[in-house]
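What follows is one structure encoded as structure tokens, with my remarks underneath.
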Amino acid sequence: MRVHIKRFSLDDEIKQESVTYELEAKEQTLLAILQEIKSTQDSSLSFTSSCRSSVCGSCAMRVNGVEVLACAYKPKDGDVVEPLKNMPVIRDLVVDMDKALTCNTKAAAFSSKNSKNIALSPDDEKVNELQSDCILCGSCYSACPVYESNENFIGPFALTRSWRYVSDKREQDVDQKIEAIQKDGIWDCTLCNECVPVCPQGIAPKQDIMMLRSKSGVMGHIDPNMFGGGLDFGTPTF
Amino acid sequence: MVDVLIVGAGGAGLVAALHAKASGASVKVICKSYPTRSQTCMAQGGINAALSHGDEDLVEIHAQDTLKSSQGLGSKEAIDMLCFNGVEAVEWLDRIGVPFSRTSDNKIAQRRLGGATHARACYAQDYTGLKILHTLYDQCNREGIEFCNERFLLNIMTQESDLHVSGVTALNIKTGEVESYEAKSVILATGGYSRLYDRHSTNATNSTGDGIAAALRAGAKLSDMEFVQFHPTALKNSSILISESARGAGGHLLDKNHKRFTDELAPRDKLSQAILKELEDGSGEVFLDIRHLGEKFIDEELPQERKLAKLYENIDPVNELIPIKPVAHYTMGGIEVDNSSQTALKGLFGVGECANHNVHGANRLGGNSLLELIVFGKQAGENAAKYAKESTFTCKSKRVFESDKKSIDALRDFEVEIDFYEKKRAIGELFYRYVGIKRNEKELLSALDEILKIKDELCKMGIRDKSQIYNTNLIEFLEFKNILEIGEVVINSAIKRKESRGAHFREDKPFQDDENFALHTIADNKSISFGGEI
């Protein structure tokens, strides 16, 4: 079996180049294959991994142009493996997530005021069960086309995280959260749906963004693109 | 210079950071990956607290269960501290937004785990650790806590005269540069060393005891390092964890003939020993059976388990048996700390799996490690902040920094003769076989021989990738060196403890010997002895 891996190194000023590795075909994950290459064929191959059970979010990458977790994907002959998009590549399959992660803070995606304990019903808890399954792997961020026109876009995972807290009955400062996602946030999304199929946890950030838009509307915020002309928020929304 | 430097950004590190900050200290966190990628995200079963919903659980009973499971090695004072603060800890997590599963009468749902007399593990499906970790991370973002990600801990800087901590050195993985981080106090929250068992561990690939090894080199003491918990139910081929909650919910363990052979809710040490016996002397195969729990229940309470069993073993637990084996899961031993979470070095604190607070003793109960992070994370954070406030100490020594820089540079110029990846795998096999669920003196001694041989050969090992930037070959080699250092302490401790207790089962000394061994095994960088009050 052959896999083609896009390699990149800042050290040698090598631009991205595809390197092909030959392996014995057997039933295993892409991560296991990368580890095998690294420990037996090429110790310079760089990637990140940790839990190997799809909960730590370290090994997101693209195979044939689609975001996957290497630990949850079983490769086929001829697969092309690349790093995530929209983040600086540090080396080979490793990207720098520092900037992407600041989106969580920008979106005020946290519990704002620690109130008294408020009882939740099983239904209350189910409201954001899926959103709180997020592992911050960055797949949705990589798949999002908005970054081509607005690099400051808060982006899918941080907006899902925002909805997680906004929808939480215990949250005491919904206003602050809704305020935080008006600029470079919910209205910049084109609702193209690219973030949805790539989520390894089955989360639908687009859906959460639509929920945030309707909540924003109820709270008196207006889609800036509706006025045309006066405000320029980058990509038009539909 | 920062007041409190936290090394490690799993649950323990994040809780410590939040509390140090709340105590008025300036705080910085360095970690070798990103905060939400730590081992804590893999905790599935739950966090213990005697909330007394519905049944008659009390904090005193939680403490009794924990003390009993520690088999004479737990400290009553520390266990009381852990259990009596459990309710407050869970209430705090609830207030900051952890989405715990709920009961039909709007209470936090709880389930029973092995060794517990009551259903006291609060959970969020089988994503308890993940959801706690991410919620803590979000709180750190709220508090503006500074993270320096992808920094690999090299060494702890101390002033030679009085073993006073002054910061740490770390390798910036992204740039390949050695950096020094000065601080008035340092909290190590760097996790355990289960990856000593390499592929025979449920843990993330980077649970390599880096902080423990660095503490040992700097002169701190380690205790009870021979106590390694084997989780009874990991997937047979991949060592991926199947949570205890599967058994708590009524899952059965079956032999090759599909007959039950043991009490599924016995503590992990006893159960792992029973399963090993069945694997070695009995039918040779053991399965976990959760088919009778039904698809709806499995998808509701154990969604991760179903996904992982399908992915790694090609079986669907809804209608098939899950082949399992026990593998290394949690290391009870660690850096010795006092009742303020401080180590033997002034200003150096430890918390989480890397530290030994004497709450788990010879066998940890499921659900107590997440609780430990919250309770002792707070203690460590507050005490480190207090220490920093009172400290007038400044150290400008560049000694450790210079020597680390030199040794990293030397590695980049070195021709490899022996492959360390091969040795890393060999150590894993050696430990699983000889320093695993059952041990005896003869095999321990031969394992020690092997380890010492590898140690001698270390000077011929190194890195083939000489790159500066994001050199994971280098990081894995540094992890390997830490594993090797810790492995030697684990074997020596296991040899010295000539009795059986909890997770340390010596087939040549099958009984607990309280007369001689109701003591902690204490190791420093020179020797191993028994001592310490229990």
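Heads up: the sequence lines are chains A and B, in that order.
If you count by the working numbering, then the first sequence holds residues 31 to 268, one letter each, in order.
If you count by the working numbering, then the second sequence holds residues 562 to 1095, one letter each, in order.
Idealized CB from N, CA, C, for every residue including glycine.
In this text, all values refer to a predicted model and were calculated from it rather than measured experimentally.
Could you tell me if residue i is buried or exposed, where buried requires 16 or more neighbouring beta carbons within 10 angstroms of its beta carbon?
| i | result |
| --- | --- |
| LEU691/B | buried |
| ILE979/B | exposed |
| ILE248/A | Reading the sequence as shown, one finds Val at residue 248/A and not Ile. That one is exposed. |
| GLU1100/B | As displayed, chain B neither begins before 562 nor continues past 1095, which places residue 1100/B out of reach and without an answer. |
| MET893/B | buried |
| PHE1072/B | exposed |
| LEU1006/B | exposed |
| ARG960/B | exposed |
| GLN700/B | buried |
| LYS56/A | exposed |
| PRO227/A | exposed |
| THR766/B | buried |
| VAL96/A | exposed |
| LYS817/B | exposed |
| LYS1014/B | exposed |
| GLN206/A | exposed |
DSSP puts residue i in a beta bridge; with which residues?
| i | result |
| --- | --- |
| TYR948/B | TYR948/B pairs with nothing; no bridge assigned. |
| GLY635/B | Beta-bridge pairing links GLY635/B to no other residue. |
| GLU112/A | ARG92/A |
| PHE1091/B | THR1082/B |
| ILE718/B | The question names Ile, but residue 718/B in the sequence shown is Met. Answer is GLY728/B, bridged to MET718/B. |
| ARG82/A | ARG82/A pairs with nothing; no bridge assigned. |
| PHE708/B | VAL590/B |
| PRO884/B | PHE848/B |
Could you work out which residues of chain A lie near residue i, taking near to mean beta carbons separated by less than 8 Å?
| i | result |
| --- | --- |
| ALA765/B | SER80, CYS81, ARG82, CYS86 |
| ILE836/B | Residues of chain A passing the Cβ test: none, with the nearest at roughly 21 Å. |
Inspect the beta-carbon positions of residue i and residue j and report whether they are closer than 7 Å.
| i | j | result |
| --- | --- | --- |
| ARG82/A | LEU61/A | yes |
| GLY753/B | GLU914/B | yes |
| MET127/A | PRO113/A | no |
| ARG925/B | ARG1000/B | no |
| ILE773/B | ALA945/B | no |
| ASP850/B | LEU882/B | yes |
| ARG829/B | PRO793/B | yes |
| TYR948/B | GLY908/B | yes |
| TRP193/A | PRO254/A | no |
| ALA1097/B | GLY647/B | Residue numbering for chain B in the displayed model covers 562 to 1095; residue 1097/B lies beyond these limits and cannot be assessed. |
| SER76/A | ASP109/A | no |
Looking at the C-beta of residue i, does it have a partner C-beta in chain B at a distance below 7 Å?
| i | result |
| --- | --- |
| GLY260/A | Reliability of the predicted coordinates at GLY260/A is poor, the pLDDT of 43 falling under 50, and no value is obtained from them. |
| ASP238/A | no |
| PHE38/A | no |
| THR190/A | no |
| ASN134/A | yes |
| LEU166/A | yes |
| ASN116/A | no |
| THR267/A | Note on THR267/A: pLDDT 49, under 50, position unreliable in the model; the coordinate value appears next. No - not a single Cβ of chain B is within 7 Å of the one on THR267/A. |
| PRO152/A | yes |
| ASP41/A | yes |
In chain A, which residues lie less than 9 Å from residue i when you measure between Cβ atoms?
| i | result |
| --- | --- |
| GLU652/B | ASN147 |
| HIS921/B | Within 9 Å Cβ-Cβ: nothing; HIS921/B doesn't reach chain A, min ~22 Å. |
At least one CB of chain A closer than 7 Å to the CB of residue i: is that the case?
| i | result |
| --- | --- |
| LYS589/B | no |
| PHE603/B | The residue asked about is misnamed: residue 603/B is Met in this sequence, not Phe. Yes, its Cβ sits closer than 7 Å to a Cβ of chain A. |
| TYR1031/B | yes |
| ASN702/B | yes |
| LYS692/B | yes |
| ILE1095/B | Low confidence applies here, because ILE1095/B scores a pLDDT of 48, under 50, leaving its location unreliable; read the following figure in that light. For ILE1095/B, the answer is no, since every Cβ of chain A falls outside 7 Å of its Cβ. |
| GLY742/B | With the sequence shown as reference, residue 742/B is identified as Tyr, and Gly is not the correct amino acid for it. No, because no Cβ of chain A sits closer than 7 Å to the Cβ of TYR742/B. |
| ILE1089/B | no |
Would you mind telling me which residues of chain B sit closer than 8 Å to residue i, beta carbon to beta carbon, in chain order?
| i | result |
| --- | --- |
| ASP126/A | LYS735 |
| ILE120/A | LYS735, ILE1030, TYR1031 |
Going along chain B, which residues have a C-beta under 9 Å from residue i?
| i | result |
| --- | --- |
| ARG92/A | Correct list: empty, because the minimum Cβ distance to chain B is about 18 Å. |
Please compile the residues from chain A whose C-beta is within a distance smaller than 7 Å of the C-beta of residue i.
| i | result |
| --- | --- |
| GLY658/B | SER141, TYR195, ASP198, ARG200 |
| ASN710/B | ASP128 |
| HIS679/B | Neighbours of HIS679/B on chain A: none; closest Cβ ~21 Å, over 7 Å. |
| LEU872/B | ALA102 |
| LEU869/B | SER83 |
Answer with yes or no whether the minimum CB distance from residue i to chain D is below 7 Å.
| i | result |
| --- | --- |
| LEU99/A | Considering every chain present, this structure includes no chain D. Its protein chains are A and B. |
Name the chain B residues whose beta carbon is nearer than 7 Å to that of residue i?
| i | result |
| --- | --- |
| ASP163/A | TYR688 |
| ASN144/A | ARG656, ILE657 |
Consider the C-beta atom of residue i and the heavy atoms of the ligand SAM; say whether any pair is separated by less than 6 Å.
| i | result |
| --- | --- |
| ASP253/A | This structure lacks the ligand SAM, and indeed carries no ligand of any kind. |
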